[in-house]
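Just below is one structure, and these are the notes that go with it.
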Amino acid sequence: IKTDEGMRTNVEGIYAAGDVREKEYRQITTAVADGTIAALQAEKYVVEKKK
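All letters in the sequence shown, in the order written, are residues 1 to 51 by UniProt numbering.
If you want it as structure tokens, here you go:
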């Protein structure tokens, strides 16, 4: 799945993280980092939508 640096896909409100992403390295450390970024970005998205 293609994402930007914030783990956002081309579908609004949908994020992808870990090994499903198109990326060079597939390691647990990068997957965990992706998950953290995706979670923070998803939270930001929800907060902004509530405004």
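By construction, the Cβ of each residue, glycine as well, lies at the ideal position given by its N, Cα and C atoms. Values in this document were obtained by computation on a predicted structure and should not be read as measured data.
Residue i vs residue j beta-carbon contact at 8 Å
i	j	result
residue 87	residue 31	Nothing in the structure corresponds to residue 87, since the chain is present only between 1 and 51.
residue 13	residue 41	no
residue 35	residue 16	no
Residue burial classification, residue i (beta-carbon count within 10 angstroms, cutoff 16)
i	result
residue 25	exposed
residue 29	exposed
Identity of the residues DSSP links to residue i by a beta bridge
i	result
residue 8	15
Continuous alpha helix (DSSP H) stretch holding residue i: start and end
i	result
residue 47	28-50
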